[in-house]
Amino acid sequence: IVDALSPDTTTASPSNNTPWKLSLGAANLKNVVFDFQDSVEHIYLVTKLPEVIIEMNDLDLNNQRIDIDHIKLIQPLVNFETLNQEKVDTTNNSGPIVFPYFDWEIASESIKIEGGNIRYWVNNTNVLDKLFDANHLHLKELDVDLDEVRRKRFLMFN
Numbered sequence: 119i120v121d122a123l124s125p126d127t128t129t130a131s132p133s134n135n136t137p138w139k140l141s142l143g144a145a146n147l148k149n150v151v152f153d154f155q156d157s158v159e160h161i162y163l164v165t166k167l168p169e170v171i172i173e174m175n176d177l178d179l180n181n182q183r184i185d186i187d188h189i190k191l192i193q194p195l196v197n198f199e200t201l202n203q204e205k206v207d208t209t210n211n212s213g214p215i216v217f218p219y220f221d222w223e224i225a226s227e228s229i230k231i232e233g234g235n236i237r238y239w240v241n242n243t244n245v246l247d248k249l250f251d252a253n254h255l256h257l258k259e260l261d262v263d264l265d266e267v268r269r270k271r272f273l274m275f276n
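Read in order, the letters of the sequence shown are residues 119 to 276 in the numbering used here.
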């Protein structure tokens, strides 16, 4: 339709698979809110970012590479809640832990979090008062300052 209405006589070629070249310099985002709910897996995530300051060096979507100069999250709130859907096997015969495959290369010269509030909560389990309880974590007024964080591409072999 666009070609029929366009004064340009050249037509777009669907075989041209050249990816878009995107770039992002600096950005200052305010009042970003993200909610996610999955009723099948019983996951509820609320994220509120009053202020995010980010400056990029390179964003290469085609080669799955992100290079961040610096990112700063000011007073982020992350609340992740879920339900324990199965009994935990306390025997140690389950084999090695396998993490999901993730093929992006990510680097950042500086990551800062100021006044973070991060909560992970499994709702239908008992809260342990005197022991470390990995099902109920709440980090309040969290300050983090990391330099040179890198995640290199991991090659999987069959």
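Glycine included, each C-beta is placed from N, C-alpha and C at the ideal position.
All figures in this text were calculated on a predicted structure; none of them were measured in a lab.
Val-196 and Val-164 - do their beta-carbons sit closer together than 9 Å? Between Val-164 and Val-196, the CB-CB gap stays under 9 Å.
Alpha carbon to alpha carbon, how far is Val-170 from Ser-228? Give it in angstroms, no decimals. Ser-228 and Val-170: Cα-Cα distance of roughly 13 Å.
Out of Tyr-162, Gln-155 and Ile-172, which one is the CA nearest neighbour of Leu-142? Ile-172
Near Arg-269, what residues of its chain come up, given a Cβ to Cβ distance below 6 Å and the 5 sequence neighbours on each side ignored? Hits under 6 Å: Ile-224.
Inter-residue spacing [alpha-carbon to alpha-carbon] between Trp-138 and Pro-168: 30 Å
Tell me whether the segment 150-166 and the segment 179-186 touch, counting them as touching only if at least three CB pairs, one residue from each stretch, are closer than 8 Å. No contact exists between the segment 150-166 and the segment 179-186.
Just reading off the beta strand (DSSP E) that Thr-165 is part of, what are its end residues? 161-178
Name the one or two DSSP bridge partners that Ser-228 has. His-188 and Asp-265
DSSP has Gly-233 in a bridge; who is on the other side? DSSP lists no beta-bridge partner residue for Gly-233.
Thinking just about the alpha-carbon of each residue, which of Pro-194, Ile-186 and Ile-184 is nearest to the one in Asn-149? Nearest option by C-alpha distance: Pro-194.
State yes or no: is the C-beta of Gly-234 within less than 9 Å of the C-beta of Leu-260? The answer is yes: Cβ separation under 9 Å.
Put Trp-138 into one of helix, strand or coil per three-state DSSP. coil
What is the DSSP secondary structure of Asp-221, counted as helix, strand or coil? Coil, per DSSP.
Report, in whole angstroms, the separation of the C-beta atoms of Val-267 and Ile-231, which I expect to be a contact under 8 Å. Going by Cβ atoms, the distance from Val-267 to Ile-231 rounds to 12 Å, so no, they are not a contact pair.
Nearest-angstrom Cα separation, counted from Ser-157 out to Val-245: Their Cα atoms are separated by approximately 23 Å.
Tell me which residues share the same chain as Ile-236 and place their Cβ nearer than 7 Å to its Cβ, disregarding the 5 neighbours each side in the sequence. Cβ within range, chain order: Val-196, Leu-257 and Leu-260.
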